[in-house]
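Student: Let me give you the structure first, and then I'll get to my questions.
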Amino acid sequence: VDLSWAPQELLLASVSVDNTVRLWNFNDKQQAVAVLQGHKGMVKGIAWDPIGRYLASQGDDRSVILWEIRDHSIAARIEEPFQRSSQKTLFRRLGWSPDGSFLCCPQAYRKPAHI
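For the sequence shown, this note's numbering puts the final residue at 544, and the numbers step up evenly by one.
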């Protein structure tokens, strides 16, 4: 459903209807190097932070997950501001600020919230 290239490496992150985030290495054999599982619904948005340390994903389970790339672990799960948003939202494109200090996430319910 969404794709995002890592800022410094030939790593591609993809998300899909199977509730996973997949990392693909295009340096060697163009193969999946990790399958990140943590969402309970279709994942619709993915974005690398500007230095490539974190990956943010957003899905229909009304959560944003920050993934630590070095060990593929969940660094944070953010749910509260999204609990009343619609699950029928077509787009969940995340975006990091150029310096990596802010992550903007669509939520389709109420006025902007800072998380």
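Glycine is no exception: its CB is placed at the ideal position from the N, C-alpha and C atoms. On a predicted model such as this, the values are computed, not experimentally measured, just so you know.
1) Where does Gly438 sit, in a helix, a strand or coil, going by DSSP?
2) What's the C-alpha gap between Leu482 and Thr449?
3) Beta strand (DSSP E) containing Gln487: first to last residue?
4) Assuming the contact rule is C-beta atoms closer than 8 Å, Leu523 and Ala476 should be a hit. Round their C-beta distance to whole Å, please.
5) Do Ser433 and Leu441 have their C-beta atoms within less than 9 Å of each other?
6) Could you tell me the distance, in whole angstroms, from the CA atom of Lys458 to the CA atom of Ser443?
7) Skipping 5 residues on each side, what residues in its chain have a beta carbon closer than 7 Å to that of Ser445?
8) Please report the residue range of the beta strand (DSSP E) in which Ser530 lies.
Tutor: Answer, in terms of the structure:
1) A small fix is needed here, since residue 438 is Glu in this sequence, not Gly. Coil at Glu438, not helix or strand.
2) Here residue 482 is Arg; the residue named in the question, Leu, does not match the sequence. Cα to Cα, the separation comes out at about 19 Å.
3) 483 to 488
4) 4 Å
5) yes
6) 17 Å
7) Val430, Val472
8) Where Ser530 is concerned, there is no enclosing beta strand (DSSP E), given that its DSSP letter is neither H nor E.
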